[in-house]
Amino acid sequence: METSARQPNFSQEETDALVREVQSRSGRIYGHANRPPRVDDAKAAWEEQHTTREEEEEEEEEEEQQQQVVGGEEKEGEDEDDREEEDQGEPEPVPETREGAGRGEEPATRGRRRNRVQREDQPFLDTQRAGFLMLERELGSMGTRLGSLEAQVKALQEVLQASLLPLAAGVATLQRLVQVENAVRQGKTGLACTDRQNKWNAGSQRNAGQRKMKDVQFKQHYRQKIYQPSTTMQSSTTTSSTTTNSRQEARLFGTREEWRKHVLASPMAGLFTCPGSSLLQLCLDADPSPMTPQSPPLHNLSHDDHHTPLSCRKCRTFYDDYVNMPTAQLENTEKLTKAQSKVQKSLREALATKNAEVTPLADGHYLLASNGPKGYYMQVQLGMHCTGLPRALLVIWNNTEHIEIQVPYDKHFLQRHITRLRTFYFTHMLPKIVDDFVKGRLQLCNTYLTLK
Numbered sequence: 001m002e003t004s005a006r007q008p009n010f011s012q013e014e015t016d017a018l019v020r021e022v023q024s025r026s027g028r029i030y031g032h033a034n035r036p037p038r039v040d041d042a043k044a045a046w047e048e049q050h051t052t053r054e055e056e057e058e059e060e061e062e063e064e065q066q067q068q069v070v071g072g073e074e075k076e077g078e079d080e081d082d083r084e085e086e087d088q089g090e091p092e093p094v095p096e097t098r099e100g101a102g103r104g105e106e107p108a109t110r111g112r113r114r115n116r117v118q119r120e121d122q123p124f125l126d127t128q129r130a131g132f133l134m135l136e137r138e139l140g141s142m143g144t145r146l147g148s149l150e151a152q153v154k155a156l157q158e159v160l161q162a163s164l165l166p167l168a169a170g171v172a173t174l175q176r177l178v179q180v181e182n183a184v185r186q187g188k189t190g191l192a193c194t195d196r197q198n199k200w201n202a203g204s205q206r207n208a209g210q211r212k213m214k215d216v217q218f219k220q221h222y223r224q225k226i227y228q229p230s231t232t233m234q235s236s237t238t239t240s241s242t243t244t245n246s247r248q249e250a251r252l253f254g255t256r257e258e259w260r261k262h263v264l265a266s267p268m269a270g271l272f273t274c275p276g277s278s279l280l281q282l283c284l285d286a287d288p289s290p291m292t293p294q295s296p297p298l299h300n301l302s303h304d305d306h307h308t309p310l311s312c313r314k315c316r317t318f319y320d321d322y323v324n325m326p327t328a329q330l331e332n333t334e335k336l337t338k339a340q341s342k343v344q345k346s347l348r349e350a351l352a353t354k355n356a357e358v359t360p361l362a363d364g365h366y367l368l369a370s371n372g373p374k375g376y377y378m379q380v381q382l383g384m385h386c387t388g389l390p391r392a393l394l395v396i397w398n399n400t401e402h403i404e405i406q407v408p409y410d411k412h413f414l415q416r417h418i419t420r421l422r423t424f425y426f427t428h429m430l431p432k433i434v435d436d437f438v439k440g441r442l443q444l445c446n447t448y449l450t451l452k
């Protein structure tokens, strides 16, 4: 008796194991609440599905080939039977049974079994296919979001580059300025303490100009820290303030010939001897100026107490030799320095400047300010103090016009300032000048020395 009930392909244990495996694969591929899906797992699942599909297609092709081979053999057997029946005559009809004709029943049974297995696995395959489609859509949306993020990052990168380029240029400029400042601090720019840098490309001979006296910093230059003593000074037994220092960067030559020999023996000799009128060639061919040797006793003397004017022996010696002059020499110096005045202006231009010390009054007279920056009031008061005059007539004139100002003697003003000037000149300024003169930082003009 035949039963129409279909037997299950898997037992209950096998079904539970298969369900757990499917759930595990689903969580590993699609993720769950505690772990998002990963691209590597999805890619591996796609590759596994592709491999499984290829294997199934290969098995189907092999089954079809086997069916074709079996069908060919059956057809050949039927042809032989037909030929035998034709030879022997028509046989009696044989009633067809439910079981079929022997070997012809096997392919149909195998096909029905395969179709039944495929129908039973179809829900699982549909679920898996739907999951892969969902994963494909998710990956597509992730790719779209990733593309938008890349576009935003690229736009932000362009904005940052546009903002940082000026900053990079500023950093490069600061680095160059630091290098220039470092060169200046190391004394490699060739500027003296009284020089100021002019505008760029103004010409090499005019690139350095005179700096104002208030901007000069004498503390930056010391002979014992910058120059090395010459060979003649090193061999001399006379004690000097210039000593050998291992940190000295330049060499001081005692004579011009010694310097010329050193220059012509150096690798830069070609720059000094090249044809033309370069600064190096002008320095090499320049005639030396006569120099008056310094007074040797000043090097051996030391400073004494400066509480009273000229109480220091060293300062008094310098004052007597280079500052104090008789009346005839003072008058001669005044005549020789008249040509050093600046170009004259008109009185209107002179009184219109912001630093003018003369102010016109409403009654037509003029007032000389006592605290002017040029010290005209101080000069007039000192002149009256030295000559004993109670009143002075200050005349300011040029070739075409002049003004007259009556200035009375101000005793309280002079007493206050003379005390201050005496303390400053003899206690502070004179020792500083003496030290600079001894150390070679201050040189007196040859014309001035001839007056002495």
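Each residue of the sequence shown is one higher than the one before, starting from 1 at the first, in UniProt numbering.
Every residue, glycine too, gets a C-beta built ideally from N, C-alpha and C.
Beta-carbon contacts of N355 that lie in its chain and below 8 Å, excluding the five residues immediately before and after
G372, P373, K374
Residues that DSSP places opposite residue 497 in a beta bridge:
This structure cannot settle anything about residue 497, because the visible part of the chain is limited to 1 through 452.
Quick check: what's the CA-CA separation for E63 versus E57?
Computed Cα separation, rounded: 10 Å.
Rounding to the nearest angstrom, what Cα-Cα distance links V407 and T353 in this structure?
22 Å
Residues that DSSP places opposite H402 in a beta bridge
W397
L252 - DSSP class collapsed to helix/strand/coil:
coil
Is it buried or exposed, K335, if we count other Cβ atoms within 10 angstroms and call 16 or more buried?
K335 should be labelled exposed.
Would you grab the beta carbon distance between T333 and L451 for me? Rounded to a whole angstrom, and I think it's under 8 Å.
About 6 Å separates the CB atoms of T333 and L451; that is less than 8 Å, so the two are in contact.
The beta strand (DSSP E) with Y319 in it runs from where to where?
It is not in any beta strand (DSSP E) - Y319 carries neither H nor E in the DSSP assignment.
Compute the Euclidean distance between the alpha carbons of N446 and V323, then round it to the nearest angstrom.
The straight-line gap from Cα to Cα measures roughly 14 Å.
Just mark T97 as buried or exposed, buried being the case when its beta carbon has 16 or more other beta carbons within 10 Å.
Here T97 scores only 44 on pLDDT, less than 50, and its place in the model is too uncertain to base an answer on.
For S236, does the count of other Cβ atoms within 10 angstroms reach 16, so buried, or fall short, so exposed?
Residue placement at S236 is poorly supported in this model, since its pLDDT is 46, which falls under 50; the coordinates still yield a value, given next. By the neighbour-count rule (16 or more Cβ atoms within 10 Å), S236 is not buried but exposed.
Report the residue ranges of all beta strand (DSSP E) runs contained in full by the region 367 to 397; include only those spanning at least 3 residues, in chain order.
391 to 397
Given 8 Å as the limit, is there contact between the region 424 to 444 and the region 390 to 406, that is, 3 or more CB pairs closer than that?
no
Contact under 9 Å by Cβ, M384 with Y366
no
Where do the ends of the alpha helix (DSSP H) carrying T273 lie?
269 to 273
Span of the beta strand (DSSP E) around P360:
358 to 360
Please confirm whether A369 and T359 have their CB atoms less than 9 Å apart.
Yes, they are a contact pair.
For T52, does the three-state DSSP call read helix, strand or coil?
Residue state, collapsed to three classes: helix.
Measure from the alpha carbon of S26 to the alpha carbon of each residue in Q152, L160, G131, G364, then state which is nearest.
G131
Considering only the alpha carbon of each residue, which of G143, E48, Y319, C283 lies closest to V433?
The amino acid occupying residue 433 in the given sequence is Ile; Val does not appear at that position. Taking only the C-alpha atoms, the option nearest I433 is Y319.
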